[in-house]
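Let me begin by presenting the structure, written as structure tokens, before commenting on it.
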Amino acid sequence: MLNPIVLLTTLLVLSGCASLDKSDAGVRQGMAAFKEAFNRQDAASLSMVFTEEATLMPPNMPLLKGRAGIQSFWQTGFTRGLSHIEKTPVEIQVLGDTAIETSHYVVTVGERKVQGKDILVWRRGSDGRWRITADIWNNDQP
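Numbering (the working numbering), first residue to last: 576 to 717.
In structure tokens:
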């Protein structure tokens, strides 16, 4: 006969492990929304892929904090010729409700293609959606 305490402890441990979703599907879905909004040059929708208190760390600029500032940043970029992004994830590590994405990107600015790399920190919200909470990048060439 199984000891009820051992059985209960085993069930609790197994149920706790099941809630730790290690899949990167939610992050990939969030990145698809990011790319779609970016490629439509829709700064409002793009900013919604970020958490309300997100941090944006563009190269050669001060840190930006909050969704409103992030929306303004992207809108300014689109106005200045930023028009398309392609992203290729190198690695996505899911650690509970946080994920770290390392990627390569190619952005179109006017007629130029600019290559670079980035690190994004994603956070799963209470609604189950993954949103970017920190984004830092730099170009491979000046």
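Note that the Cβ used here is the ideal one computed from N, Cα and C, for glycine as well.
Owing to the predicted nature of the structure, the values given are computational and were not obtained by experimental measurement.
With asparagine 713 as the anchor, note down where its beta strand (DSSP E) starts and where it stops. 705-714
Quick one, which of Ser598, Trp712, Gly700, Val684 has its alpha-carbon nearest isoleucine 694's? Checking every option, the nearest Cα to that of isoleucine 694 belongs to Trp712.
Just mark methionine 606 as buried or exposed, buried being the case when its beta carbon has 16 or more other beta carbons within 10 Å. buried
What would DSSP say about serine 647, mapped onto helix, strand or coil? Helix at serine 647.
Write down the C-beta distance between glycine 685 and glycine 656 rounded to the nearest angstrom, noting that I regard them as a contact closer than 8 Å. 4 Å
From glutamate 611 to glutamine 716, what distance separates their C-alpha atoms? 25 Å
Rounded to whole angstroms, what's the CA-CA distance from glutamate 627 to glycine 641? Just pull it up for me. Each residue's alpha carbon lies about 6 Å from the other.
Segments assigned alpha helix (DSSP H), at least 4 residues, entirely inside the region 642-686: 642-654
Does DSSP put leucine 695 in a helix, in a strand, or in coil? strand
Closest to lysine 662 by CA distance: which of Gly644, Ala629, Leu638, Lys692 is it? Lys692
Identify every residue that forms a DSSP beta bridge with valine 689. Val682
Taking the alpha carbon of valine 682 as the point to measure from, which residue in Gln604, Gln616, Ala600, Asp599 has its own alpha carbon closest? The shortest C-alpha separation from valine 682 is found at Gln616.
Cα-Cα separation between isoleucine 645 and leucine 639, rounded to whole angstroms: 7 Å
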